[in-house]
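> Let me give you the structure first, and then I'll get to my questions.
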Amino acid sequence: AVLKDTGAVIDAVRVGQEGLDKATALQFKDSAKSLQLTTNLIPILISSGLTPSSHPLLALSRLHQSLLIDSLPSSPTQDALDDAIRATQRSSCGIAAILPYGHPIRGITLAELGKLLAVDEPSPRQPSSRAEAALIYPPSGPPRLKLALETMLGARSELLVGFGAWNEGGQVGKDVREAVVALEKEMAVWRQGVKNVLEDTPRPIASKS
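In the working numbering, the protein residues as written are 4 to 212.
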């Protein structure tokens with residue numbers, strides 16, 4: 004795409020770099036302030052037309068992701084969990100655009116995303132229609148579980164390349180494999196539950212004409 008306002012993009016990059024420097028310096032001194040900076044800056048850079056893989060947007064996204072995950076309590080709210088998932092997904096997209104398939108960082112980031120998607124939802128959202136559900140990310144309920152499994156399978160494939168199949172993808176790869184097994188079992192339980200409900204639902208009796 005052709006940039007319509009190069010000056011605005013240059014200004015956004017400059018502001019983003021200054022903000023990244025400040026947020027990085029505050030990461031361990033005042034994490035709340037650092038998180039506030041990344042939260043405010045990322046939408047500005049996105050609206051200026053920067054891609055997820057561009058600098059300083061990717062670096063800000065990675066820092067934002069780390070801060071959100073570190074701030075998650077043991078019992079997070081739905082909004083906090085979903086924010087962390089969206090931040091990790093943004094980072095994963097940026098990383099996937101600049102690193103080759105099988106790079107360890109790609110696999111690790113996908114594993115982080117899959118792990119977050121697999122966390123039990125505190126308050127699952129209830130879309131009013133399929134159209135609304137299709138617009139929501141991350142999804143809720145069974146579609147979220149399915150996405151977690153698909154993400155973990157993708158992470159495992161990349162980790163087997165990055166850390167070696169002989170090594171089962173390293174420790175992260177082994178952890179992902181365990182997560183995949185657990186998610187597959189959970190999906191199987193859900194499918195069986197749906198099947199049982201359908202079998203127990205009385206079929207309508209056809210009227211005789």
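Positions of the beta carbon are idealized from the N, C-alpha and C atoms, including for glycine.
#1: CB-CB under 8 angstroms to P141, same chain, minus the five flanking residues each way: which ones, in chain order?
#2: Measure the Cβ-Cβ separation of L38 and L63 and say whether it is below 8 angstroms.
#3: So, at 7 angstroms on beta carbons, what are the nonlocal neighbours of A4 in its own chain, with the 5 sequence-adjacent residues on each side left out?
#4: Taking the Cβ atom as the reference point for each residue, do H67 and T27 lie within a distance shorter than 8 angstroms?
#5: What is the DSSP secondary structure of E181, reduced to helix, strand or coil?
#6: Quick check: what's the CA-CA separation for D14 versus L23?
#7: DSSP three-state label for L113, please.
#8: May I ask you to verify whether the stretch 98–105 touches the stretch 47–63, counting CB pairs closer than 8 angstroms and requiring at least 3?
Taking the definition as stated:
#1: Position 138 of the sequence shown, counted from the start, is the residue given in the question as residue 141. Taken in chain order, the residues that qualify are D85, I88, R89, Q92, L120, R147, L150.
#2: For the purposes of this step, residue 38 is identified with residue 35 of the sequence shown, where counting begins at 1. For the purposes of this step, residue 63 is identified with residue 60 of the sequence shown, where counting begins at 1. No, Cβ-Cβ distance for L38 and L63 is not below 8 angstroms.
#3: In the sequence shown, counting from the first residue as 1, residue 4 sits at position 1. Caution is warranted here: a pLDDT of 47 is assigned to A4, below 50, making its placement in the model unreliable, and the coordinate value is therefore given only provisionally. Same-chain partners within the cutoff: there are none.
#4: On the sequence shown, position 64 is the one that residue 67 refers to. On the sequence shown, position 24 is the one that residue 27 refers to. With contacts defined as CB atoms closer than 8 angstroms, H67 and T27 fail to qualify as a contacting pair.
#5: As a working mapping, residue 181 is identified with position 178 in the sequence shown. Residue state, collapsed to three classes: helix.
#6: Along the sequence shown, one-based indexing puts residue 14 at 11. Along the sequence shown, one-based indexing puts residue 23 at 20. Going from the Cα of D14 to the Cα of L23 covers about 14 angstroms.
#7: Taking the first residue of the sequence shown as position 1, residue 113 is located at position 110. In the structure shown, L113 sits in a helix (DSSP, three-state: H, G or I).
#8: yes
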